[in-house]
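K.L.:
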Amino acid sequence: MSNPAAPFYEFGPFRVDVENRLLLRGGEPLSLAPKAVDTLLALVQHGGAVLKKDDLMKMVWPDTVIEEGNLTQNIYLLRKTLGAGADGRNYIETIPRRGYRFVGEVRQSTTANTTDLILAKPTQIQPFSNEQDAGHEVGTDRAVLSTSPYLAVSAPALRTLHLPLSRYGLLRHNRSSSSIFLFGAVVGLVLAALCYVTFLGKTKPAESKPVAVNSSQSVRSSADKFEDQRLTGSRDAYQAYLKGRYYWSKGTTPALEEAIRQFDEAQRFDPNYPLAYAGLAEAYVLLGSHYDTPEHNPVDAMSRAKAAAIKALQLNDALAEAHTAVGAVKQRYDWDWPGAEKEFKRAIALDPNDAHAHQEYSLCLSAMGRPDEAIAEIKRAQELDPISISIAEDLGDLFYRARDYNQALEKYQHALKLDPTDPLAVMVRRSIGWAYQQQGMYEQAVAEFIETSRVQNASPERLSAFRQAYDTGGMKGYWRKWLELQQDRIQRGRAKPFYLAQIYAFLGDNDQAFAYLQKAYEDRSMEIPDLRFGPDFDNLRADPRYTTLSRRLGLELTRPSG
């Protein structure tokens with residue numbers, strides 16, 4: 010995709026070097042693999058036009074058959090690296106069910122600036138080794154400036170060189186040949202000295218095998234955050250990890266089970282790969298609240314999540330994903346609220362652009378009764394990942410708990426519009442139904458609930474039974490019929506106890522509601538923010554059993570004031 014007439018594309022503070030497949034900001038290369046840069050180039054060169062996913066994959070991988078997850082991961086990494094433009098919008102826009110387009114203002118240039126001279130050929134950035142770069146994100150700390158097999162200078166070392174050189178006026182933006190010659194001479198002398206030192210040390214960094222970095226390697230600051238997100242020398246481990254994250258993002262039980270298989274596979278290739286353990290922990294955390302698995306054991310899932318999260322942190326305590334995983338376990342399994350908050354804040358400090366860390370922290374703040382902070386965090390998560398259905402739904406949940414049902418419905422409808430065909434859309438429809446129900450808009454509520462069943466492939470006879478039950482008995486009639494038709498699943502333990510508690514609370518059967526809350530407590534599948542502040546449990550809060558439950562959870566479960 011090289012364009013000789015325009016070897017550089019510029020937008021915002023960024024500059025794309027087409028020939029060397031580099032993305033730079035302020036003259037410094039950012040940690041993106043060549044394939045990620047290729048993805049960006051395809052979008053930039055078709056700026057304003059919508060590229061279908063299939064077409065984009067053919068542009069980036071013309072001779073290779075790949076899964077869509079590779080493209081999705083590249084888009085995620087690009088958004089994470091680029092952030093938002095001056096207008097607050099992401100540079101890469103998702104067009105639901107169509108593809109992607111670049112929305113920034115692009116400038117073309119055929120002239121390298123002085124800083125780019127460091128990176129110009131014949132000296133090139135060489136990440137790891139040639140056989141490991143396809144589709145991978147490579148960090149500047151791993152990149153080397155190489156002119157011979159005996160010379161390798163890291164990008165941070167170049168930045169260190171830049172300061173004294175510029176201090177003595179050798180890096181002025183003077184494009185004359187004499188200035189370039191002087192600069193080249195100085196850099197040549199410095200590189201020669203480094204080459205000599207390297208030769209004396211009898212090392213060849215360009216041939217060294219990359220290893221996972223752990224907390225014992227204190228020479229690297231946490232601010233660097235190990236810019237290369239691979240943290241493994243195994244291409245196969247990294248590929249398996251990317252597949253695991255792709256399936257994890259889908260959120261369904263089959264997808265989570267496949268994510269677990271992929272994370273296990275990544276660990277098989279590299280037993281010391283911290284991201285694989287962090288991903289495994291997150292997958293088990295979500296699976297712990299699912300009840301449609303063949304052999305469901307929520308407590309076992311959460312204990313596995315805890316073990317994997319601790320392992321990730323042991324391998325790399327400067328990894329945001331590891332701290333987020335530990336925080337999720339502390340929040341959902343240990344009910345250690347101060348501990349969970351500490352982990353989420355640490356994760357965000359390490360990576361402020363991690364949308365999932367902000368999302369999990371929002372849930373924690375909501376459970377602790379700090380709704381304003383929770384809204385701020387979930388909105389930040391949405392800025393970072395505007396196409397996430399789960400984040401959009403979580404924002405609606407915050408307004409639902411605050412009894413602002415109009416705002417809740419607005420946010421839920423936005424989440425649904427992102428992709429009505431996504432499996433997560435079923436849960437959004439259910440949330441819309443509950444919001445209508447709380448407002449007494451029962452006709453709209455039952456329509457959403459029945460549509461949810463239809464999407465889940467309920468038979469026409471069952472859908473008709475739901476409608477008839479509502480017509481004859483109102484909303485309570487609908488829910489009694491729903492419970493009747495779900496008895497087989499309920500008896501086999503395939504229905505979520507917390508959801509059953511919500512239904513029985515609506516029906517006014519407090520004994521059954523508390524029985525299922527106790528089951529959710531034992532399973533560690535309790536949804537604390539909803540239990541503490543959700544309107545569905547308002548009629549339970551005066552019951553002494555509610556106070557007893559609150560002590561077990563380590564929170565005072567009272568209705569929010571105001």
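So in our numbering, spot 486 of the sequence shown is number 495, and the numbers just go up one at a time. Even glycine gets a Cβ: it sits at the ideal position worked out from N, Cα and C.
Alpha carbon to alpha carbon, what distance is there between residue 62 and residue 108?
P.N.:
Counting from 1 along the sequence shown, the entry for residue 108 is found at position 99. Counting from 1 along the sequence shown, the entry for residue 62 is found at position 53. If you take the alpha carbons of residue 108 and residue 62, they lie about 5 Å apart.
K.L.:
From the DSSP secondary-structure annotation, give me the bridge partner or partners of residue 110.
P.N.:
Counting from one through the sequence shown, the residue named residue 110 turns up at place 101. In the DSSP output, where bridge partners are listed per residue, residue 110 has 102.
K.L.:
How many Å lie between residue 131 and residue 36 at the Cα?
P.N.:
As a working mapping, residue 131 is identified with position 122 in the sequence shown. As a working mapping, residue 36 is identified with position 27 in the sequence shown. Any reading at residue 131 must be qualified, since the residue scores a pLDDT of 33, below 50, and its modelled position is unreliable; no value is offered.
K.L.:
From residue 242 to residue 278, what does the alpha carbon distance come to, in whole angstroms?
P.N.:
Looking up residue 242 in the sequence shown gives position 233. Looking up residue 278 in the sequence shown gives position 269. One alpha carbon belongs to residue 242, the other to residue 278, and they sit about 10 Å apart.
K.L.:
Do you know how far the Cα of residue 336 is from the Cα of residue 562?
P.N.:
In the sequence shown, the residue the question calls residue 562 occupies position 553. In the sequence shown, the residue the question calls residue 336 occupies position 327. When rounded, the distance between both Cα atoms is 16 Å.
K.L.:
First and last residue of the beta strand (DSSP E) that includes residue 555?
P.N.:
Position 546 of the sequence shown, counted from the start, is the residue given in the question as residue 555. Note, residue 555: premise wrong, no beta strand (DSSP E); alpha helix (DSSP H) at 553–562.
K.L.:
So, are the CB atoms of residue 444 and residue 418 less than 8 Å apart?
P.N.:
Position 435 of the sequence shown, counted from the start, is the residue given in the question as residue 444. Position 409 of the sequence shown, counted from the start, is the residue given in the question as residue 418. Contact flag set, yes.
K.L.:
For residue 410, which of 56, 537 and 463 has the nearest alpha-carbon?
P.N.:
Here residue 410 refers to the residue found at position 401 when the sequence shown is read from its first residue. Comparing Cα-Cα distances from residue 410 to each of 56, 537 and 463, the minimum goes to 537.
K.L.:
Return helix, strand or coil for residue 495, following the three-state DSSP convention.
P.N.:
For the purposes of this step, residue 495 is taken as residue 486 along the sequence shown, with counting starting at 1. Looking at residue 495 - three-state DSSP - the assignment turns out to be coil, as it is neither helix nor strand.
K.L.:
Only counting the same chain, and skipping five residues up and downstream in sequence, which positions put a Cβ closer than 7 Å to that of residue 394?
P.N.:
As a working note, residue 394 is residue 385 in the sequence shown. When the five nearest sequence neighbours on each side are left out, the beta carbons in the same chain lying within less than 7 Å of the beta carbon of residue 394 are those of 364 and 400, in order along the chain.
K.L.:
In three-state terms, what does DSSP make of residue 282?
P.N.:
As a working note, residue 282 is residue 273 in the sequence shown. It is coil, neither helix nor strand.
K.L.:
What's the C-alpha gap between residue 98 and residue 350?
P.N.:
Here residue 98 corresponds to residue number 89 of the sequence shown, with the count starting at 1. Here residue 350 corresponds to residue number 341 of the sequence shown, with the count starting at 1. Between residue 98 and residue 350, the C-alpha separation is close to 29 Å.
K.L.:
For residue 343, which of helix, strand or coil comes out of DSSP?
P.N.:
Here residue 343 refers to the residue found at position 334 when the sequence shown is read from its first residue. Note: residue 343 maps to helix in three-state DSSP.
K.L.:
Report yes if the C-beta distance between residue 283 and residue 331 is below 8 Å; otherwise report no.
P.N.:
Sequence index remark: in the sequence shown, residue 283 carries index 274 (1-based). Sequence index remark: in the sequence shown, residue 331 carries index 322 (1-based). For residue 283 and residue 331, yes; Cβs fall inside 8 Å.
K.L.:
Using only the alpha-carbon positions, how far apart do residue 23 and residue 83 sit?
P.N.:
Residue 23 sits at position 14 when you count from the first residue of the sequence shown. Residue 83 sits at position 74 when you count from the first residue of the sequence shown. Near 17 Å, if we compare the C-alpha coordinates of residue 83 and residue 23.
K.L.:
Go ahead and label residue 160 buried or exposed: buried means 16 or more other beta carbons lie within 10 angstroms of its beta carbon, across all protein chains shown.
P.N.:
Along the sequence shown, read from residue 1 onward, the residue named residue 160 stands at position 151. Any reading at residue 160 must be qualified, since the residue scores a pLDDT of 30, below 50, and its modelled position is unreliable; no value is offered.
K.L.:
So the alpha helix (DSSP H) residue 545 belongs to, where does it begin and stop?
P.N.:
Counting from 1 along the sequence shown, the entry for residue 545 is found at position 536. For residue 545, there is no enclosing alpha helix (DSSP H), as DSSP marks it with neither H nor E.
K.L.:
In this structure, does DSSP put residue 118 in helix, strand or coil?
P.N.:
For the purposes of this step, residue 118 is identified with residue 109 of the sequence shown, where counting begins at 1. Under the three-state reduction of DSSP, residue 118 is assigned to strand.
K.L.:
Quick check on DSSP: helix, strand or coil for residue 43?
P.N.:
Translated into the one-based positions of the sequence shown, residue 43 becomes position 34. Helix.
K.L.:
Throw me the rounded Cβ distance for the residue 404 and residue 391 pair, which I believe falls under 8 Å.
P.N.:
As a working note, residue 404 is residue 395 in the sequence shown. As a working note, residue 391 is residue 382 in the sequence shown. Distance from residue 404 to residue 391 at the Cβ level is roughly 6 Å; contact confirmed, criterion being Cβ atoms closer than 8 Å.
K.L.:
Let me check one thing: in DSSP terms, what residues is residue 61 bridge-paired to?
P.N.:
As a first step, residue 61 is located in the sequence shown; it is residue number 52 there, counting from the start. DSSP output for residue 61 lists 108 as bridge partner(s).
K.L.:
Could you tell me the distance, in whole angstroms, from the CA atom of residue 329 to the CA atom of residue 361?
P.N.:
The residue given as residue 329 occupies position 320 in the sequence shown. The residue given as residue 361 occupies position 352 in the sequence shown. Spanning the two alpha carbons is a distance of roughly 9 Å.
K.L.:
What runs of the alpha helix (DSSP H), each 4 residues or longer, lie entirely inside the region 296–325?
P.N.:
Qualifying alpha helix (DSSP H) stretches, in chain order: 307–324.
K.L.:
Between which two residues does the beta strand (DSSP E) carrying residue 26 extend?
P.N.:
The count along the sequence shown starts at 1 and reaches residue 26 at position 17. 23–26 is the extent of the beta strand (DSSP E) around residue 26.
K.L.:
According to DSSP, which residues form a beta bridge with residue 34?
P.N.:
For the purposes of this step, residue 34 is identified with residue 25 of the sequence shown, where counting begins at 1. Residue 34 pairs with 23 and 37.
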